[in-house]
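Residue numbers (this note's numbering), protein chains in the order written: chain A, 13 to 450; chain B, 31 to 338.
Each residue gets a CB set at the ideal place from its N, CA and C atoms; glycine is no exception.
Please read these numbers as outputs of a predicted model, since none were measured by experiment.
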């Protein structure tokens, strides 16, 4: 009887079909599920409204173990000074530029963002706010390293004030120098002195025919040879010169002729321990960068090491880049963003970041160097090098143009092309890319 | 009898749609729409900072066109052709991987002690995290203190620079892919295929005095053609799209572009060089290439498939 009643109810509902009752119930669940999914989808696509009584700024930066506490401390200090402004830190440990690029493309750019070597590629595409007037009103630029300030000026507009300069140097193992009876290098040393020391520091310790300790590991910047890859304005390639050929040949000879260096690192093997060779005494001298300093202090504390600027070849020349926090041109709070931006080229932050770069405020740089009691003892080398820094030109397609150069460089390192052929190939490829607008 | 378009029919269709909706919505938003957007973007110049600007077929001309200089013909983008060649070179590992998987499957199909244990061991590289595997191989292939060159030095062979050598970089990646792939999904599929072959056929062959090689050639191989066909098609499609992770993590496409594949080239243009439109054009060309090759495989490969 019950079964018949159920069937009748069912038949009445579905127009006389023999559809089981569970199907009708499932239809309701399915429709409900569809509605919930659509609602979730709609909710996921909406933006949160900012609270009306408080400004929230988003600051993106490449976070690591060392910089994270420094940025958080600076932000906490800023928020205490400005209670109406909250700062949300977007800490990006890997693939920083790609993450920020995608945010900009999605019209969700952070209000402020850290920039390093790729500054020009973002700046030439209008990513940053022009702060020329604010800087002129509130800052005394004479306190800062003039070339570093110039690096952040594009088409007459000041887009940022850097807080630190990154540069290369040569770290050396004092114990290996003492064992070989070689004098420590000086900041004004020449290429001949460099080569002589490298030869005396290259050893086959156990006599098996394989070199266990190389005199040098790394390279010297092409600027020291009087060469450059691109014109300053990025309008053409300048790599097809005898100076550049000499630069490439020198590095080939380091590995193949004088055998004072291992085969050139054609590829940056990220993820491997790049300090192992230095720490284990397999390299008496090694080219490193200022951002390596914290890791060197931590991982190489058992060895006695110091730093020196690279040798003079035809001139003193060192690769450099810089770091700054810049304001996005899309920010809705430019005044508040400027207040926060000032915090990041102010004295406290510059002092805290001095452990991994040269502060751009000259007074602070001198103070930090004078107060330095830990390794490297010769921290002053960084300031001495500041008048011979050669960053890459600030051009829109720097990464792509440089890729042509790296390919040519690698072809020399792999012995697939002579330096003359490689620089000519690079020049053609770079000029063609510039002509095509890429 | 239900008529077409009756309320019952509509309700049933709606129910079916509701059950399919999670998958359909996901497919629409995350697959179909991006693919269509990719086709449209390939006709635009887009640097990600400004709205896309329509440029017609300019990206394709820059990619596939040529120019003459002093009587010589040069490709507009010689790197594209070089990296396409790299992609094809790396795909040469596909038949090797398939052969190795088949061999392993045949061995593991035998009634051996610890068969399950060995099947698990050989499948482990497939389920290990890709980045971890690649970092491990970077250590193994390091020319100065890597395991492989150390083992070679024990037999007085000086190993090459592997990932740092233009000649050996691609074979190094193929070696790693073989290690990962031979005990992977292909082996599982072949195992399933082997177990689907009726044993009576082997018994009949034994009665006729067939050797092991005859049994393999005339029974095993033909009856595995459906599996082989499927693995080949999917491997070729995967091969065209692959090579990115190894290039990104292990070699950054070097040395001198030796390990840059088309997928890495697309990534470089899109996310490193701000050329999203050009990257989309390369992706469209890759799509066309994969489509043509797959159609050829279906047309000619399908005829050679034998079913039980």
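CB-CB under 8 Å to residue i, same chain, minus the five flanking residues each way: which ones, in chain order?
i                      : result
residue 317 of chain A : 183, 184, 185, 186, 290, 308, 387 and 388
residue 98 of chain A  : 66, 67, 68, 69 and 91
residue 183 of chain B : 189
residue 287 of chain B : 109, 112, 113 and 116
residue 403 of chain A : 129, 163, 331, 332, 333 and 334
Any heavy atom of the ligand PLP inside 8 Å of the beta-carbon of residue i?
i                      : result
residue 397 of chain A : By its list of ligands, the structure shown contains no ligand whatsoever, and the ligand PLP lies outside what it can speak to.
At 9 Å on the CB atoms, spell out the chain B contacts of residue i, in chain order.
i                      : result
residue 138 of chain A : 79 and 80
residue 53 of chain A  : 55 and 59
Taking a contact to mean a Cβ-Cβ separation below 9 Å, would you say residue i touches residue j in this structure?
i                      : j                      : result
residue 257 of chain A : residue 431 of chain A : yes
residue 164 of chain A : residue 340 of chain A : no
residue 74 of chain B  : residue 84 of chain B  : yes
residue 211 of chain A : residue 227 of chain A : yes
residue 71 of chain A  : residue 115 of chain A : no
residue 260 of chain B : residue 219 of chain B : yes
residue 370 of chain A : residue 157 of chain A : yes
residue 180 of chain A : residue 332 of chain A : yes
residue 356 of chain A : residue 337 of chain A : yes
residue 364 of chain A : residue 85 of chain A  : yes
residue 297 of chain B : residue 77 of chain B  : no
residue 118 of chain B : residue 315 of chain B : no
residue 303 of chain A : residue 368 of chain A : yes
residue 117 of chain A : residue 342 of chain A : no
residue 349 of chain A : residue 123 of chain A : yes
residue 313 of chain B : residue 68 of chain B  : yes
residue 122 of chain B : residue 167 of chain B : no
Closest Cβ-Cβ distance between residue i and chain B: below 9 Å?
i                      : result
residue 420 of chain A : yes
residue 280 of chain A : Unreliable placement is indicated for residue 280 of chain A, whose pLDDT of 42 sits below 50; no coordinate value is reported for it.
residue 428 of chain A : yes
residue 74 of chain A  : no
residue 21 of chain A  : Here residue 21 of chain A scores only 47 on pLDDT, less than 50, and its place in the model is too uncertain to base an answer on.
residue 116 of chain A : yes
residue 436 of chain A : no
residue 110 of chain A : yes
residue 218 of chain A : no
residue 443 of chain A : no
residue 120 of chain A : no
residue 38 of chain A  : yes
What residues of chain B sit near residue i, judged by a beta carbon separation below 7 Å?
i                      : result
residue 423 of chain A : 286
residue 146 of chain A : Going along chain B, no residue has its Cβ under 7 Å from residue 146 of chain A, so there is no contact; the nearest lies around 23 Å.
residue 133 of chain A : 304
Might you give, ordered along the chain, the residues of its own chain that have their beta carbon closer than 7 Å to the beta carbon of residue i, omitting 5 neighbours on each side?
i                      : result
residue 283 of chain B : 277, 289, 290 and 294
residue 221 of chain B : 135, 138 and 139
residue 392 of chain A : 381
residue 212 of chain B : 127, 130, 131 and 134
residue 97 of chain B  : 104 and 106
residue 196 of chain B : 285, 286 and 288
residue 315 of chain A : 185, 187 and 291
residue 246 of chain B : none
residue 397 of chain A : 179, 321 and 330
Between residue i and chain A, is any beta-carbon pair separated by less than 9 Å?
i                      : result
residue 16 of chain B  : The structure shown does not extend to residue 16 of chain B, since chain B is modelled only from 31 through 338, so no value can be given for it.
residue 111 of chain B : no
residue 194 of chain B : yes
residue 43 of chain B  : no
residue 298 of chain B : yes
residue 106 of chain B : yes
For residue i, return the contacting residues in chain A, with the cut-off set at a CB-CB distance below 8 Å.
i                      : result
residue 262 of chain B : Under the 8 Å cutoff, chain A gives no residues; its nearest Cβ is about 32 Å from residue 262 of chain B.
residue 303 of chain B : 409, 411, 412, 415 and 450
Residues of chain A with CB under 7 Å from residue i, in chain order?
i                     : result
residue 48 of chain B : 42, 43, 45 and 46
residue 92 of chain B : 448
residue 52 of chain B : 49
Anything in chain B within Cβ reach of residue i, meaning under 8 Å, just list it in chain order.
i                      : result
residue 113 of chain A : 78, 301 and 304
residue 275 of chain A : 173, 191 and 194
Short of 6 Å in beta carbon distance, which residues of its chain neighbour residue i, apart from the five on each side in sequence? Order them along the chain.
i                      : result
residue 328 of chain A : 400
residue 240 of chain A : 250
residue 423 of chain A : 429 and 434
**Request:** Mind listing, in chain order, the continuous alpha helix (DSSP H) runs of no fewer than 4 residues lying wholly within the segment 56-94 of chain B?
**Result:** Correct list: 63-71 and 88-94.
**Request:** May I have a chain-ordered list of the beta strand (DSSP E) segments no shorter than 3 residues that lie completely inside the segment 98-167 of chain A?
**Result:** 124-127
**Request:** Could you name each continuous alpha helix (DSSP H) segment of 4 residues or more that falls completely within the segment 253-340 of chain A, going from the start of the chain to the end?
**Result:** 254-268, 288-291 and 305-311
**Item:** Ranges of the alpha helix (DSSP H) found wholly within the segment 400-438 of chain A, counting only runs of at least 4
**Value:** 410-425
**Asked** If you scan the segment 149-208 of chain B from start to end, which runs of the alpha helix (DSSP H) of 4 or more residues do you find wholly inside it?
**Response** 160-170 and 177-184
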